[in-house]
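Student: Numbering (full-length UniProt numbering), first residue to last: 14 to 409.
Beta carbons are placed, not taken as given, at the ideal position from N, Cα and C, and that holds for glycine.
Since the model is a prediction, treat every value here as computed from it, not as a measurement.
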Ligand code: APR
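1. If you draw a straight line from the alpha carbon of residue 69 to that of residue 75, how long is it in whole angstroms?
2. For the segment 187-223, which segments carrying the beta strand (DSSP E) assignment without a break, of at least 3 residues, lie completely within its bounds, in sequence order?
3. What's the call for residue 156, buried or exposed, on a 16-neighbour Cβ count within 10 Å?
4. Looking only at DSSP bridge pairs, what is residue 167 linked to?
5. Any chance the CB of residue 146 is under 8 Å from a heavy atom of the ligand APR?
6. Enumerated in chain order, which unbroken segments of the alpha helix (DSSP H) with a length of 4 residues or greater are wholly contained in the segment 76-107?
7. Where does residue 52 fall in DSSP's three states?
8. Can you find the residues in the same chain that come closer than 7 Å, C-beta to C-beta, to residue 114, ignoring five residues on each side of it along the sequence?
9. Could you tell me if residue 358 is buried or exposed, where buried requires 16 or more neighbouring beta carbons within 10 angstroms of its beta carbon?
10. Give the DSSP-derived three-state secondary structure of residue 159 in the structure shown.
11. Measuring straight from C-alpha to C-alpha, what distance separates residue 100 and residue 116?
12. Could you tell me the distance, in whole angstroms, from the CA atom of residue 268 to the CA atom of residue 83?
13. Exposed or buried, what is residue 105 when buried is set at 16 or more other beta-carbons lying within 10 Å of its beta-carbon?
14. List the whole-angstrom C-beta distance separating residue 283 from residue 360, where the pair is believed to meet the contact cut-off of C-beta under 8 Å.
15. Near residue 190, what residues of its chain come up, given a Cβ to Cβ distance below 7 Å and the 5 sequence neighbours on each side ignored?
16. Let me check you understand the geometry: is the CB of residue 47 closer than 8 Å to at least one non-hydrogen atom of the ligand APR?
17. From 158, 286, 385, pick the residue whose C-alpha is nearest to that of residue 48; which is it?
18. Need the endpoints of the beta strand (DSSP E) that residue 283 sits in, please.
19. Among 146, 175, 197, 63, which has the Cα closest to the Cα of residue 367?
20. Tell me the DSSP secondary structure of residue 47 in three-state form.
21. How long is the line joining the alpha carbons of residue 375 and residue 260, rounded to whole angstroms?
22. Got a sec, what are the start and stop residues for the beta strand (DSSP E) residue 61 sits in?
23. What I want to know is whether the C-beta of residue 57 ends up closer than 8 Å to one or more non-hydrogen atoms of the ligand APR.
24. Using the Cα positions of residue 41 and residue 401, report the straight-line distance between them to the nearest angstrom.
25. Can you tell me which of 219, 350, 202 puts its alpha carbon nearest to the alpha carbon of residue 9?
26. Does the structure place the segment 211-228 close enough to the segment 327-338 that three or more beta carbon pairs sit under 8 Å?
27. What residue from 279, 232, 258 has the CA that sits closest to residue 247's CA?
28. Provide the residue span of the beta strand (DSSP E) that contains residue 234, from first to last.
29. Between the Cα of residue 271 and the Cα atoms of 255, 322, 51, which residue gives the shortest distance?
30. If the criterion is Cβ atoms closer than 9 Å, does the pair residue 281 and residue 308 meet it?
31. According to DSSP, is residue 406 helix, strand or coil?
32. Please work out which residues of its chain come closer than 7 Å, Cβ to Cβ, to residue 30, disregarding the five sequence neighbours upstream and downstream, and give them in chain order.
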């Protein structure tokens, strides 16, 4: 079998890319390790920036999203018993769209497979990449039903298989460089069967550790609690979780968070990672396969879409018009936004973690960053611009 493009991974990056290619009549196949039911339910991110939504809309991929997503206009910081709102939409004219990743993935699979007639193979095993340094690469996998190994020849491979995929490690070690930053803290990531307790994202900056509240849907709310790295979720029974959330999110006039059954409880070892360049020979990486941002500022899904827009346009340009410019500039164009977002995440992480670091100097400077946001309109404007990822014009 032969396809111009093999896409590995059916997350937001791989499916958006597949849809762009299909719309340009470029043939491709998407290989996904899990089942369709699994990827349509897997709880993940949920915040999209306005430029990303407009990019999906321009490509005919935002119908359900625009009808169903909540639009957020501000976020709230709680510290020292106060609550302060930062009205980012007023400051930038841009919104956050809250739309759970499984809903987006469901829309994108339906559009790709059922509407645009794209080939997608679920449950593939043991994906391997071959001859990436030549102009005749191929991808092989074991078929879930027969167990037999199938080979697909292609012109390009898109590595969209997320943080634990196989494509990141495919280039020879001396051809890529991995930059990694560890925060030295854990976050207990929780999904609660409870309605949101605020109409916006809430950041609790507290000497006992950070706590976060993020609406996902009317029935489910995402919470985070800072904890030691490598902590065992078993150390966090229901009572302890809700007691810590009440303490760290406490503020004058703020109702305590609405309690509910915890349907997900995982400890994230908070780190960021960037692979550069995001290309080797005929392999192009996109999304979490190339870079991770700890969920500090809800950037991961947005970066995955940015990569997918650029790679989709670059591959289409090459395969339909012989234009090599997009592919040649792909890695640098992606990494520019990736590094910008990494820097913002690191800045905000210090606001969140400084007060509980045990270091009075870090605690003092973290609170100074926070106060500046509410004392200086210029600082608030700059924060809002970075939090929203900038203008929808010219961003893919
Ligand atoms: N072969 C085929 N598919 C694979 C393999 C493999 N070896 N390994 C992983 N996959 C699949 C996963 O099952 C998943 O469906 O690749 C897909 C990768 O999707 P995501 O992890 O969602 O990555 P991406 O599309 O880059 O989107 C990034 O995901 O983790 C969140 O916060 C992050 O929102 C961001 C988004």
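Tutor: Quick answer:
1. Spanning the two alpha carbons is a distance of roughly 5 Å.
2. 190-206, 214-217
3. exposed
4. 16
5. no
6. 76-81, 101-105
7. It is helical.
8. 25, 57, 58, 59, 314
9. buried
10. In the three-state reduction of the DSSP assignment, residue 159 falls in the coil class, being assigned neither a helical nor a strand state.
11. 27 Å
12. 22 Å
13. buried
14. Not really, about 14 Å apart at Cβ, beyond 8 Å.
15. 289
16. yes
17. Selection 158, 286, 385 evaluated against residue 48 yields 158 as nearest (Cα-Cα).
18. 274-289
19. 197
20. Of the three classes helix, strand and coil, the one that applies to residue 47 here is coil, per DSSP.
21. 21 Å
22. 60-62
23. yes
24. 32 Å
25. Residue 9 falls outside the range modelled here, since the chain spans only 14 to 409, and no answer is possible.
26. no
27. Of the listed residues, the one whose Cα sits closest to residue 247 is 279.
28. 234-240
29. 255
30. Their beta carbons are under 9 Å apart, which means residue 281 touches residue 308 by this criterion.
31. Reliability of the predicted coordinates at residue 406 is poor, the pLDDT of 47 falling under 50, and the value obtained from them is presented with this limitation in mind. Coil at residue 406, not helix or strand.
32. 20, 171, 173, 299, 321, 324, 325.
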